[in-house]
Structure formats: C-alpha cells, structure tokens
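Quick notes on the structure that follows.
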Amino acid sequence: MSSTLFEQAISGNRRSLAKLLTAVENGEVSHESLGLSPREVDGSVIGVTGAPGVGKSCLIDRLLTTWTSNGLKIAVIAVDPSSPLTGGALLGDRVRMESADNNPNVFVRSFATRNQPGGMPNAVVLAADVMRHCDYDIVLIETVGAGQSEIRVVSVADRIVLVEAPLRGDEVQAEKAGVIELADLIVVNKSDLEGSDRTAANIISALDVTSNPPPVLLASAKTAEGIEDLADQLRTLPAKPGAELARARERLLTAWDSALLSREDINEVLDSLASSDNSAQEWVEKNLRW
Amino acid sequence: MRIVIAKPGLDGHDRGAKVVARALRDAGHEVIYTGLRRTPEQIVRTVLDEDAHMLGISSLSGAHAFLFPRICQLLIEAGCNDVTVFGGGIIPLAEREILFESGMRAIFGPGTKMHEMSDFVDAVVDRVSTNQPVGVGEGGDWVWSSGA
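From first to last, the protein sequence lines are chains R and X. Just so it is clear: in the first sequence, position 128 is 128 by this note's numbering, and no numbers are missing. Quick note, this note's numbering runs 1000 ahead of the 1-based positions in the second sequence.
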C-alpha cells in the first residue's frame, strides 16, 4: 500500500504524496518499509526557526518565489504545536505563503507536534527524505523557535537558519542562546524597518567572541530587499564548523525523549506523577538508572 | 481529524471562520486555516496537499450558491470523494437544498453553538468508521440537521 503510494508520489502524483505524508506523520511507515536508506547530508534540507512574529513564513514565501522562478521544486514542512490539553492544533502557516496554493513546483504540508517533542523529529526526517525523493530540490522545515523541543525539530535539518527581527528588545539575547549555537546563518528580517541595521550589528558583535561566527544577513520579506542574496547563500551554505557537538546533543535528546515518551506505561507514569507527591526527579532516579 | 477551514471568494468576514477553527482545535482536531479570499482551485489544492478529512467553507457575501458547489465539483474531479464538506455563514434556508445536492453535508447559520460543530464532526467520524457515505462524492442523502 505505502510502497505503491511512494511510487505514485515519485512519479509526481500530489495526492499520493499527501497520503504518504499522512502515513509518515502517523508513524505507519519507516525508512525500512519504504526501502529508503538515510539521506546523505547535502545542505538541501534547511530548518528555519525564530520567535513568533519575526516573519519566517513570509520570508519562506519570498524564497519559494525566487527559487521556483529559477526552476527549482521546493517542499515545505510547517510545524506548529499541538495543544498539550486537547491534542488539537491550529495550523496557520499557509496563510502567509501565497505560492503554497497555486505554484505547481511548491508543496506545503502542515505538521502538528502531537505532543511528541521527541517523536516528532523522526516523522519530520522521514517526511523530508520522502520529499527529496519526489524530486523536490530543497525541503524547508519551518518551526516556532519558542521552546527547546522546536529547536530539536530543526536540529534534524542539514542547515539551520535563525530568523530575527528589529525592535525585539534586549531580553531576546538570552532566549536566543540555544539556537544561536546551532545556526548556520542568521537573517534579520524586516530590513525596511528602522533599527534593523542596529539589530544586525548587535548580533554580529555578540557573535564576534565565538569562533567561526555564522553569516548575518539583512532582508525584507515585505520589499524583497536582500531576498536574492539570501536565496543564493542558502543554496551553497556550508555547515557551521564547531556546531557538531551541539547538534549531536540535540539529536541525542530527541532520541531520548522519543524513547521515554514511547514507553508502554507512559500514561500510568504520568497519572501517578500528576496525582501523587512523587517527584519526577525521584521517578527518573528510580527507573532510569543505567 | 484534519480539517481545512477556508474563506472562498471576495469576502472579508472571517470572525466566524476563526471562531470555528478555534472551537474545532479545542475539540482536539488539527485545523488548517487558509486565510481570506481564496479561489475554489486554491482551496481544493490545500485539501489535497494537506490530506484533510474535512473541509469547512464560510461565506457571508452572498456568493455561496456559486462558490460552494464549484468547490464540491472540483474536489470530486480531483478524486477527493471521501472529503466531508460543510459550510457556514449567511445562507438562507431556501438555498441550502442545492448546496446539499452538490455534496455538502451540513450548513451552519448564525447562532450555531460551538458544541454543535464538534458533535457534527463526531457524527462524521462515526459514519466513516461504519462505512456510511459522508464524503462529498459518496452519495446518499445523509445531512446534518443544524440548529441554526
């Protein structure tokens, strides 16, 4: 069933690709069952992260237009969080991607995290590999960079782009600490706004003390200023040297989360933690010694 | 369920669509919102790419009698017979029958309670799991009798 879907998807059938991605999202297929070997890291899967409102989706829309006009096919995986209480999700990234609905060389798929911060990246990795096999030259993974788990989603990408914006205040420096170690490129969006130069200068000077700082670009999704340059640089972006350890750490935590959350007794564990005085720390020490 | 909520045509009234999207999210569904002023073709493309089970379309501009059947027709042409289509907005009772005939399964008017939306989705889930027709191109005469 899924291998037939995969063949149809490879031959260009969008509906088959969409159905296959549902199976991927539901964990019904794996690299093995699709006969896929893990993809070689070649820079074609790019994670795009940054705080809510910095303009990730609009920037991606501009990149889609630029790349597709150069003859490339692009797929986007837009990740949004599921509600921890109801499991529901509102997936709204398409709203800002005009080409998502009418450009034949673009395929946008929304993914909800489904309360599996650890399990989620596994599905994203497979989805990106499937899309690459279906002739999409670049796969963009967009996610909110508000929490550690979302950073982990992009840590599975070949390259990581951090989107920033001016006038976000000083306190963002601390918040950025996690992603900034992983970013291969930083783009300050909204370059049409006053203060964007200063934001970029601040980031450059903050990174100045680290070795091998990533490039910092200015761009505007609104006016398209700097988009061509960004699109070009992303095609040939080298991996930031020295980030291997930080990214390996994220991948390890991802695998660890996944293993923990897929325990058969996870619901009983959560119930007992929620309804008793046992602390999570005690539970970990008692049950997860190795 | 994966549900697309869409605003077809030249209509800027999206409060209702957004409230419905929120209500369905809170009922535990994954809701994809398209944004305003989408063409029937764009909406069908979204349903296809997102592999949605259901599509909710909202219109308060009076163009529902053209847009809604057009969307249903394009869905069927695209092979999405099994997608359940429902609608809402300012839609006179006298005009609902032609929408049902085009394959829609529910029309919700102003004053619809939020829980009725999720009751409808539950009814659809129930019909899907018991192999009863509920998609836009699956025939049968089942429609939801809405409270408003």
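Beta carbons: idealized from backbone N, C-alpha and C, even for Gly. Given the structure is predicted, the values throughout are model-derived calculations rather than measurements.
Apart from the five residues on each side of it in sequence, which residues of its chain come closer than 6 Å, Cβ to Cβ, to residue i?
i	result
SER2(R)	ALA23 and VAL29
LEU21(R)	ARG109 and ALA127
ALA123(R)	VAL24 and GLU25
ALA9(R)	SER16, LEU17, LEU20 and CYS134
ALA1027(X)	SER1118
LYS222(R)	ASP192
SER1058(X)	LYS1007, GLY1016, ALA1017, GLY1088 and GLY1089
GLU171(R)	Confidence is the limiting factor: at GLU171(R) the pLDDT is only 48, short of 50, which leaves the residue's position unreliable and the question unanswerable from this model.
ALA78(R)	ASP93, SER110 and GLU142
For residue i, which of the options has the nearest alpha-carbon?
i	options	result
GLU1097(X)	ASN1081(X), PRO1069(X), MET1117(X) and HIS1013(X)	PRO1069(X)
LEU1036(X)	GLY1009(X), SER1129(X) and ALA1052(X)	GLY1009(X)
GLY35(R)	ASP257(R), VAL54(R) and GLU7(R)	GLU7(R)
GLU194(R)	ILE180(R), ARG168(R) and ALA206(R)	ARG168(R)
VAL1124(X)	LYS1113(X), GLY1111(X) and GLU1138(X)	GLU1138(X)
MET1001(X)	THR1034(X), ALA1052(X) and ILE1071(X)	ALA1052(X)
ARG1127(X)	PHE1100(X), ASP1082(X) and GLY1089(X)	ASP1082(X)
SER191(R)	THR199(R), ILE46(R) and ALA219(R)	ALA219(R)
GLY1089(X)	LEU1060(X), SER1146(X), ILE1003(X) and MET1054(X)	LEU1060(X)
HIS1029(X)	LEU1048(X), ASP1014(X), LEU1075(X) and GLY1056(X)	GLY1056(X)
ALA1106(X)	TRP1144(X), ILE1071(X) and HIS1115(X)	TRP1144(X)
ASP80(R)	ARG14(R), LEU245(R), TRP256(R) and PRO52(R)	PRO52(R)
PRO296(R)	PRO241(R), LYS286(R) and GLY87(R)	There is no way to answer for residue 296(R), as the model of chain R reaches only from 1 to 290.
ARG1045(X)	ASP42(R), VAL54(R), VAL106(R) and LEU5(R)	VAL106(R)
ILE160(R)	VAL187(R), ALA224(R), ASN267(R) and TYR136(R)	VAL187(R)
LEU1074(X)	GLU1050(X), ILE1043(X), ALA1063(X) and ILE1091(X)	ILE1043(X)
VAL139(R)	THR4(R), ARG39(R) and GLU244(R)	ARG39(R)
PRO1040(X)	HIS1115(X), GLY1079(X) and ILE1071(X)	ILE1071(X)
ARG14(R)	ALA1094(X), GLU1095(X), ALA1078(X) and SER1102(X)	ALA1078(X)
Note down, in chain order, every chain R residue with its Cβ under 9 Å from the Cβ of residue i.
i	result
ALA1027(X)	THR86 and GLY88
ALA1017(X)	Those do not exist, as ALA1017(X) stays about 11 Å from chain R at its closest Cβ, beyond 9 Å.
Run down chain X in chain order and give the residues with a C-beta less than 9 Å from the C-beta of residue i.
i	result
VAL95(R)	TYR1033, THR1034, GLY1035 and LEU1036
SER83(R)	ARG1025, ASP1026 and GLY1028
For residue i, return the contacting residues in chain R, with the cut-off set at a CB-CB distance below 7 Å.
i	result
THR1046(X)	ARG94 and ASP101
ASP1049(X)	ARG14, ALA18, PHE107, VAL108 and ARG109
If you drop the 5 nearest sequence neighbours on each side, which residues of the same chain put their C-beta closer than 8 Å to that of residue i?
i	result
SER83(R)	ALA89
ARG249(R)	none
ASP184(R)	ARG159, ILE160, VAL161, PRO214, LEU237, PRO238, ALA239, LYS240 and ALA243
Among the residues of its own chain, which have a CB less than 7 Å from the CB of residue i, if the five just before and after it don't count?
i	result
LYS56(R)	VAL48, GLY50, GLU142 and VAL163
THR65(R)	SER99
ALA1148(X)	PHE1108, GLY1109, PRO1110, GLY1111 and THR1112
GLY1135(X)	ASN1081, ASP1082, VAL1083 and THR1084
VAL125(R)	VAL156
LEU273(R)	ALA280 and TRP283
GLU1050(X)	ARG1002, VAL1004 and ILE1032
ALA231(R)	LEU63, THR66 and TRP67
Per DSSP, residue i forms a beta bridge with which residues?
i	result
GLU142(R)	VAL48(R) and ALA78(R)
GLY242(R)	Per DSSP, none; premise fails for GLY242(R).
PHE1108(X)	GLY1088(X)
ILE1005(X)	TYR1033(X) and GLY1056(X)
Find the residues of chain X that neighbour residue i, judging by a C-beta separation of less than 7 Å, and give them in chain order.
i	result
THR22(R)	ASP1051
Just to make sure I have the definition right: I need the residues of chain R whose C-beta is within less than 8 Å of the C-beta of residue i. Which are they?
i	result
GLN1073(X)	What GLN1073(X) touches in chain R: nothing, since even the nearest Cβ is about 17 Å away.
ALA1021(X)	LEU90
Whose Cβ in chain X lies nearer than 8 Å to the Cβ of residue i?
i	result
ALA112(R)	GLU1030
So if I threshold CB-CB distances at 9 Å, which residues from the segment 1076-1101 of chain X count as touching chain R? Result list: ALA1078, GLY1079 and CYS1080.
May I ask you to list, following chain order, the residues of the segment 7-20 of chain R that have a beta carbon less than 7 Å from some beta carbon of chain X? Per Cβ criterion, the list reads ARG14, ARG15, ALA18 and LYS19.
Along the segment 190-223 of chain R, what residues have a CB closer than 8 Å to any CB found in chain X? For the segment 190-223 of chain R, the set of residues with a beta-carbon nearer than 8 Å to any beta-carbon of chain X is empty.
Chain R contacts from the segment 1126-1147 of chain X (Cβ-Cβ distance under 9 Å): Contact residues of the segment 1126-1147 of chain X toward chain R are absent (C-beta to C-beta distance below 9 Å).
Taking only beta carbons into account, state which residues of the segment 1105-1125 of chain X come closer than 9 Å to chain R, listed in chain order. Here the close residues number zero.
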